[in-house]
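Visitor: Take a look at this one; I'll ask things after.
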Amino acid sequence: MSAEKPLVLLVEDEPAQREILRYNLKSEGYEVMEAETGDDALLLAEEVRPDLVLLDWMLPGVSGIEVLRRFKNRRQMTEIPVIMLSARTEEMDRVRGLETGADDYMVKPYSVSELMARIRTQLRRTRPVAVGERLEFEDIVLDGDTHRVTRAGAEIKLGPTEYRLLSTLMERPGRVWTREQLLDRVWGRDVFVDTRTVDVHVGRLRKALRRAGGTDPLRTVRGTGYALG
Ligand code: CA
944 MSAEKPLVLL
954 VEDEPAQREI
964 LRYNLKSEGY
974 EVMEAETGDD
984 ALLLAEEVRP
994 DLVLLDWMLP
1004 GVSGIEVLRR
1014 FKNRRQMTEI
1024 PVIMLSARTE
1034 EMDRVRGLET
1044 GADDYMVKPY
1054 SVSELMARIR
1064 TQLRRTRPVA
1074 VGERLEFEDI
1084 VLDGDTHRVT
1094 RAGAEIKLGP
1104 TEYRLLSTLM
1114 ERPGRVWTRE
1124 QLLDRVWGRD
1134 VFVDTRTVDV
1144 HVGRLRKALR
1154 RAGGTDPLRT
1164 VRGTGYALG
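Each residue of the sequence shown is one higher than the one before, counting from 944 in our numbering.
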């Protein structure tokens, strides 16, 4: 997984639909992984932990709704937004999808631009920096669009790793991240780095933030990892 571009897992068995969606998702700046069946979707999601799942309802084998149910039963997967795509229009199905934990729902034929807007809405909640939002924590401001960071109005120069580290922490103030979770998010899943590397970069980030504002907003959680605030 790339540390910056949100990764969308596209689960759709119809090649033509997949192609349209892949094209549009890539134009929006997302990374795309594809699965044609529910089984593949479950395996792939476990492996790559996407930032969002677009899930077709009617799939060969394991149905979309069953995939959704299994996603939402896995602890590390519950935070990943899922948008269901369905040709069915009955109100009952809509209710069933949302009850099972879908975050949104679109009925085919849908407007691709509306779907893209809904994807952005979901990611603004879960990956705000990646979609260009501006985040604030106390006197620290991070602009996901310009990549500028300031503290009490003064610009802070950060290296790319420290920037990604700070943006990850600012997306979820108060959350305690383990070193492994930070490695996944900041360095990417396919990169092999030692967890001590995390400590080194947290140290650098800490120093830069302190220099600009005096206090240390980062918290070391003994035996676990780090949190902002
Ligand atoms: Ca289908």
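Think of the CB as a built atom: it goes at the ideal place given N, C-alpha and C, for glycine as much as any other residue.
1) Closer than 7 Å to a non-hydrogen atom of ligand 1 - does that hold for the CB of MET920?
2) Looking only at its own chain, which residues have a Cβ that is under 7 Å from the Cβ of ARG1153, when we skip the five neighbours before and after it?
3) Verify whether the separation of the beta carbon atoms of ASP999 and ASP1047 is less than 8 Å.
4) Just to confirm the assignment, what range does the beta strand (DSSP E) spanning TYR1048 have?
5) I need the DSSP call for MET1226, collapsed to helix, strand or coil.
6) Return the CA-CA distance between ARG1017 and VAL1010, expressed in angstroms with no decimal places.
7) Within a Cβ cutoff of 7 Å, which residues of the same chain sit near LEU1055, ignoring the five residues on either side of it in sequence?
8) Can you list, in chain order, the residues of its chain whose CB lies under 8 Å from that of GLU1081, leaving out five sequence neighbours each side?
9) Using CA coordinates, which residue listed in THR1111, THR1140, VAL1119 and ARG1139 is at the minimum distance from ARG1128?
10) What residue from THR1104, LYS1051, GLU1114 and LEU1101 has the CA that sits closest to ALA1073's CA?
11) Ignore the nearest five residues each way along the sequence and tell me which others in ARG1077's own chain have a CB closer than 6 Å to its CB.
12) Compute the minimum distance between the beta carbon of ASP982 and the heavy atoms of ligand 1, and state whether it is under 7 Å.
13) Just to confirm, does ASP1082 get its C-beta within under 7 Å of one of the non-hydrogen atoms of ligand 1?
14) Check SER945 in the structure and name its three-state DSSP category.
15) For the candidate residues GLY1040, ASP982 and THR1167, whose alpha-carbon lies nearest to that of ARG1118?
16) What whole-angstrom Cβ distance do LEU1058 and PRO1024 have, given they're in contact under 8 Å?
17) Roughly how many whole angstroms lie between the Cα atoms of GLU1079 and LEU1125?
Guide: Checking against the coordinates, here is how it stands:
1) Limits of the chain in this structure are 944 at one end and 1172 at the other, which puts residue 920 out of reach.
2) Taking the sequence shown and counting its residues from 1, one reaches residue 1153 at position 210. Leaving aside the five residues that flank ARG1153 on each side, the residues in its chain whose CB is nearer than 7 Å to its CB run, in chain order, ASP1159.
3) Mapped onto the sequence shown, residue 999 falls at position 56. Mapped onto the sequence shown, residue 1047 falls at position 104. Not a contact, by the Cβ cut-off of 8 Å.
4) Taking the sequence shown and counting its residues from 1, the one referred to as residue 1048 is at position 105. Element bounds for TYR1048: 1047-1050.
5) In the structure displayed, the chain extends from 944 to 1172; residue 1226 sits before or after that span and is not available.
6) Reading the sequence shown from its first residue, position 74 is the one you call residue 1017. Reading the sequence shown from its first residue, position 67 is the one you call residue 1010. Their Cα atoms are separated by approximately 11 Å.
7) Position 112 of the sequence shown holds residue 1055. What sits at residue 1055 in the sequence shown is Val, not Leu. Contacts found: ILE963 and ASN967.
8) Here residue 1081 is taken as the residue at index 138 of the sequence shown, counted from 1. For GLU1081, where only same-chain residues beyond five positions count, the Cβ hits under 8 Å are PRO1160 and GLY1172.
9) The residue given as residue 1128 occupies position 185 in the sequence shown. Taking only the C-alpha atoms, the option nearest ARG1128 is THR1111.
10) On the sequence shown, residue 1073 is found 130 positions in, with the first residue counted as 1. It is GLU1114 whose Cα lies nearest to the Cα of ALA1073.
11) To locate residue 1077, count along the sequence shown from 1; it is residue 134. Contacts found: ASP1086.
12) As a first step, residue 982 must be located in the sequence shown, where it is residue number 39. No, ligand 1 has no heavy atom inside 7 Å of this Cβ.
13) Indexing the sequence shown from 1 puts residue 1082 at position 139. No, since every heavy atom of ligand 1 falls outside the 7 Å radius drawn around the Cβ of ASP1082.
14) Residue numbering aside, residue 945 sits at position 2 when the sequence shown is read from its first letter. Residue placement at SER945 is poorly supported in this model, since its pLDDT is 39, which falls under 50; the coordinates still yield a value, given next. Looking at SER945 - three-state DSSP - the assignment turns out to be coil, as it is neither helix nor strand.
15) Walking along the sequence shown from the start, residue 1118 turns up at place 175. Selected option, being the one with the closest Cα: THR1167.
16) By one-based count along the sequence shown, residue 1058 stands at place 115. By one-based count along the sequence shown, residue 1024 stands at place 81. Cβ-Cβ separation between LEU1058 and PRO1024: approximately 13 Å, too far for a contact (criterion under 8 Å).
17) Locating residue 1079 in the sequence shown gives position 136, where the first residue counts as 1. Locating residue 1125 in the sequence shown gives position 182, where the first residue counts as 1. The alpha-carbon atoms of GLU1079 and LEU1125 are separated by roughly 20 Å.
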